[in-house]
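Encoded as structure tokens, the structure appears first; notes follow it.
2 protein chains.
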Amino acid sequence: MADIYLALIHYPVYDKDRKIVTTSITNMDIHDIARSARTYGVRRYFVVTPVRTLQALADKILDHWQSGYGSVYNKTRKDALALVSVTDDLDSAIRMIQQETGERPRLVATSARAGSRRTTFTQIRHRVEQAGPPLLFLLGTGWGLTEEMLEQTDDILEPIHGVGAYNHLSVRSATAILLDRLRGAR
Amino acid sequence: MADIYLALIHYPVYDKDRKIVTTSITNMDIHDIARSARTYGVRRYFVVTPVRTLQALADKILDHWQSGYGSVYNKTRKDALALVSVTDDLDSAIRMIQQETGERPRLVATSARAGSRRTTFTQIRHRVEQAGPPLLFLLGTGWGLTEEMLEQTDDILEPIHGVGAYNHLSVRSATAILLDRLRGAR
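Chains H and A, in that order, give the protein sequences. If you number the first sequence the way this note's numbering does, the last residue is 186 and the count never jumps. If you number the second sequence the way this note's numbering does, the last residue is 1186 and the count never jumps.
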């Protein structure tokens, strides 16, 4: 089974007017995605931001649950947040994965937008089930990953469809569904 | 296809020491679950709390996105939050469903705990796909729905399993996975 890694990208992403911006780190993104990651056996969850003060905020949250009062109050939260690493950029995350596994990860972008080059969940699940290089899934914040970033990846995963045209899941919900589709019991 | 309803229960639920408490309403629970509900064609999402000040908080959030500045800033959020109704208790939610559909809903509890009487996702999906009474899924906050509440329901859905023993998904993530398993494309 291939290792799964996640990277939550705060820069570069679009805002609602399709300008390229840096989004803020939110407490709930760290917690919810770490808990989903822990549930589905993700190897590491990178929180990616170039902003030092936001890195410090993330470190403070992690410290509270890793070694502060939170670690005693809620052990399950400690176990989940142990998976989180804060990095400056995607390249730093890739380097850490290479150090950990000895292999360059295959990059898989996620997007709520349809487009010409899309890989299906079935195809990616098949890859996850086989022995192969680690897979690093890029999760966008704000209004999603930039086109330039999508072009750098090996695969762009098809959007999650529900029962209609509405496709505005939170990144927390979309990541939970993604992991369940790729690693959930069938 | 049977109608799906959700009810996020803030009382009665367990705290970490298994005492029965009322939890607080959180902004993120309202938003994330409403967005998942809208994506998967849920008919209505009830936020259930007996506490007047928390009902007022929920109403304020809904008002901001329904008719305040938020409704102009982000139309997709308005569409999602249009599904939300705040009620005092479960009985009020059941009455509203009866008024809306003419039928008493079948109650399906969700739980992260294993137990003797559990219905599988496959069984519930089968029921969702058929014409039949509406299904009302009860979602617990805090450390989950009380045993007494579970006993009042028609079904208790099996827990969501990932790849190990860890079963501490957020209610937001668990609800997203639940809806995808019951209504997602196969």
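We put the CB at the ideal spot given by N, CA and C, even for glycine.
Rounded separation between residue i and residue j - CA only
i         : j         : result
A:Val1047 : A:Val1084 : 7 angstroms
H:Thr101  : H:Arg43   : 10 angstroms
H:His31   : A:Leu1008 : 20 angstroms
A:Ile1020 : A:Ile1124 : 28 angstroms
H:Leu157  : A:Val1171 : 25 angstroms
A:Gly999  : A:Thr1153 : Beyond the ends of chain A as shown, which are 1001 and 1186, falls residue 999 of chain A; an answer cannot be given.
H:Arg181  : H:Asp3    : 15 angstroms
H:Val72   : A:Arg1018 : 17 angstroms
A:Arg1183 : H:Arg104  : 36 angstroms
H:Asn74   : H:Ile25   : 22 angstroms
A:Ala1109 : A:Ser1173 : 16 angstroms
H:Gln98   : A:Arg1038 : 40 angstroms
A:Gly1162 : H:Gly162  : 21 angstroms
H:Glu129  : A:Glu1151 : 38 angstroms
H:Tyr69   : A:Met1001 : 48 angstroms
A:Pro1159 : H:Leu169  : 22 angstroms
H:Asp59   : A:Ala1093 : 42 angstroms
A:Ser1067 : H:Ser67   : 44 angstroms
H:Ile177  : H:Asp155  : 18 angstroms
Reduced DSSP secondary structure (H/G/I, E/B, other) of residue i
i         : result
H:Gly70   : helix
H:Asp59   : helix
H:Ala131  : coil
H:Arg18   : coil
A:Ser1085 : strand
A:Ile1004 : strand
A:Val1171 : helix
A:Met1097 : Contrary to the premise, residue 1097 of chain A reads as Ile rather than Met in this sequence. Residue state, collapsed to three classes: helix.
H:Ile25   : coil
A:Ala1109 : strand
H:Arg155  : Sequence inspection shows Asp at residue 155 of chain H; the Arg mentioned does not correspond to that position. Correct three-state label for H:Asp155: strand.
H:Thr119  : strand
A:Arg1052 : helix
H:Ile30   : helix
A:Arg1044 : strand
A:Ile1009 : strand
For residue i, the nearest candidate out of the options (CA to CA)
i         : options                                    : result
H:Thr146  : H:Thr22, H:Asp3, H:Tyr5, H:Met1            : H:Thr22
H:Leu139  : H:Arg118, H:Asp155, H:Ser111               : H:Ser111
A:Met1149 : A:Asp1015, A:Leu1107, A:Lys1016, A:Lys1078 : A:Leu1107
H:Asp63   : H:Pro50, H:Thr49, H:Asp79                  : H:Asp79
A:Asn1167 : H:Arg77, H:Asp29, H:Ile61                  : H:Arg77
H:Trp65   : H:Leu81, H:Met1, H:Thr53                   : H:Leu81
H:Ala165  : A:Thr1026, A:Ser1036, A:Thr1141, A:Glu1103 : A:Ser1036
A:Thr1053 : A:Asp1015, A:Glu1129, A:Lys1016, A:Asp1088 : A:Asp1088
H:Gly28   : H:Met1, H:Lys16, H:Leu57, H:Asp15          : The amino acid at residue 28 of chain H is misidentified as Gly; the sequence shows Met. Selected option, being the one with the closest Cα: H:Leu57.
A:Lys1016 : A:Ser1092, A:Gln1130, A:Thr1141            : A:Thr1141
Classification of residue i by the beta-carbon crowding that lies within 10 angstroms, buried from 16 upward
i         : result
A:Gly1132 : exposed
H:Arg95   : exposed
H:Pro50   : exposed
A:Thr1175 : buried
H:Tyr11   : buried
A:Arg1117 : exposed
A:Thr1120 : exposed
A:Thr1122 : exposed
H:Asp91   : exposed
Presumed contact (8 angstroms Cβ cut-off) between residue i and residue j, rounded CB distance
i         : j         : result
H:Val86   : H:Gln55   : 5 angstroms
A:Leu1136 : A:Arg1127 : With 8 angstroms as the limit, A:Leu1136 and A:Arg1127 do not qualify as a contact, their Cβ atoms being about 12 angstroms apart.
H:Gly144  : H:Arg186  : Their Cβ separation, rounded to whole angstroms, is 29 angstroms, which puts H:Gly144 and H:Arg186 out of contact at 8 angstroms.
H:Tyr5    : H:Leu179  : Their Cβ separation, rounded to whole angstroms, is 12 angstroms, which puts H:Tyr5 and H:Leu179 out of contact at 8 angstroms.
A:Ile1033 : A:Tyr1045 : 6 angstroms
Neighbour flag for residue i against chain C, beta carbons, 8 angstroms
i         : result
A:Ile1177 : Absence of chain C from the displayed structure is noted, the protein chains being H and A.
Any non-hydrogen atom of the ligand COA closer than 7 angstroms to residue i Cβ
i         : result
A:Gly1070 : The ligand COA is absent from the structure shown, which contains no ligand whatsoever.
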